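Participant: Counted from 1, the sequence shown has number 125 at position 118 by our numbering; the numbering is strictly sequential.
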Amino acid sequence: MDNVSNEFLDAVKKRRSIYAISKEEILSDEKLEALIGEAVLHTPSSFNSQSARVILLLNEQHNKLWDLTQETLKKIVPADSFEPTAQKMAAFRSGYGTVLFFEDQSVVQGLQEQFPLYQENFPLWSLHSTGMLQHVIWTALATEGYGASLQHYNPLIDEQVAKEWNAPFSWKLIAQMPFGKATMPAGEKTFQPLDDRLKVFK
8 MDNVSNEFLD AVKKRRSIYA ISKEEILSDE KLEALIGEAV LHTPSSFNSQ SARVILLLNE
68 QHNKLWDLTQ ETLKKIVPAD SFEPTAQKMA AFRSGYGTVL FFEDQSVVQG LQEQFPLYQE
128 NFPLWSLHST GMLQHVIWTA LATEGYGASL QHYNPLIDEQ VAKEWNAPFS WKLIAQMPFG
188 KATMPAGEKT FQPLDDRLKV FK
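1) Verify whether the separation of the beta carbon atoms of residue 154 and residue 43 is less than 9 Å.
2) Nearest-angstrom Cα distance between residue 99 and residue 183?
3) Between the C-alpha atoms of residue 111 and residue 15, what's the straight-line distance to the nearest angstrom?
4) Compute the distance between the beta-carbons of residue 160 and residue 63, then report whether it is under 9 Å.
5) From the DSSP secondary-structure annotation, give me the bridge partner or partners of residue 144.
6) Within a Cβ cutoff of 6 Å, which residues of the same chain sit near residue 208, ignoring the five residues on either side of it in sequence?
7) Note down, one range per segment and in chain order, each beta strand (DSSP E) of at least 3 residues found wholly within the segment 89-151.
8) Using DSSP bridges, identify the partner residues of residue 28.
9) Going by DSSP in three states, residue 44 sits in which element: helix, strand or coil?
10) When you compare only the Cα positions, how much space is there between residue 23 and residue 96?
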């Protein structure tokens, strides 16, 4: 794999799960918004449905999300074993911002009604789309020097998030991506044999 020279693949290789992040500014808020916006515009979706929705939380709004999440988890995690959870929340909070990923279920349901032959597929294809968007944004952030990770505290925080940031009822929360300037590199990544994962027939 190392003998492949490709600018895009080089960027893909930079994308790793990085948890040691800081609030130090890399891009201005305006440039961050533009970066995320370009990803939202140009990531593909089934039938060009464009069902992805994103909320970008910066500064105090970012902190508020992880405060809210911590308070929610306190209600279900035993107090005597909560410290690791608190440390995890603090690590996320130490970043600069969070990307919230949603899929608009009204779009998905509209496609199901319009194309009943494929109605069972549209929820799955919607997840394909959000997965691509998550990867595009994650990679774009990595190329700018940000560390990020993908979290899934939904559905525990869905109601609070929708209320706090005015997300429409049809927006289904899929994932949360805290990011900030990477303060430590990711650990070494191991790979399963490629021969077990890639088959080529000529």
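The C-beta atom is built at its ideal place from N, Cα and C for all residues, glycine as well. These numbers come from a predicted model, not from an experiment.
Facilitator: Result, derived from the coordinates:
1) Mapped onto the sequence shown, residue 154 falls at position 147. Mapped onto the sequence shown, residue 43 falls at position 36. Between residue 154 and residue 43, the C-beta gap is not smaller than 9 Å, which leaves the two residues out of contact.
2) Within the sequence shown, numbered from 1, the residue matching residue 99 stands at position 92. Within the sequence shown, numbered from 1, the residue matching residue 183 stands at position 176. Distance between the alpha carbons of residue 99 and residue 183 is about 10 Å.
3) Within the sequence shown, residue 111 is the residue found at index 104, counting from 1. Within the sequence shown, residue 15 is the residue found at index 8, counting from 1. For residue 111 and residue 15, the distance between alpha carbons rounds to 29 Å.
4) By 1-based counting over the sequence shown, the position of residue 160 is 153. By 1-based counting over the sequence shown, the position of residue 63 is 56. Cβ distance not < 9 Å, so residue 160 and residue 63 don't count as in contact.
5) Position 137 of the sequence shown, counted from the start, is the residue given in the question as residue 144. The secondary-structure analysis by DSSP pairs residue 144 with nothing; it has no beta-bridge partner.
6) For the purposes of this step, residue 208 is taken as the residue at position 201 of the sequence shown. Residues of the same chain with a CB within less than 6 Å of the CB of residue 208, apart from the 5 flanking positions on each side, do not exist.
7) Taken in chain order, the unbroken stretches of beta strand (DSSP E) that lie wholly in the segment 89-151 and span 3 residues or more are 104-111.
8) Within the sequence shown, the letter at position 21 stands for residue 28. The partner list for residue 28 (beta bridge, DSSP) reads 189.
9) In the sequence shown, residue 44 corresponds to position 37, counting from 1. In the structure shown, residue 44 sits in a helix (DSSP, three-state: H, G or I).
10) By 1-based counting over the sequence shown, the position of residue 23 is 16. By 1-based counting over the sequence shown, the position of residue 96 is 89. Near 19 Å, if we compare the C-alpha coordinates of residue 96 and residue 23.
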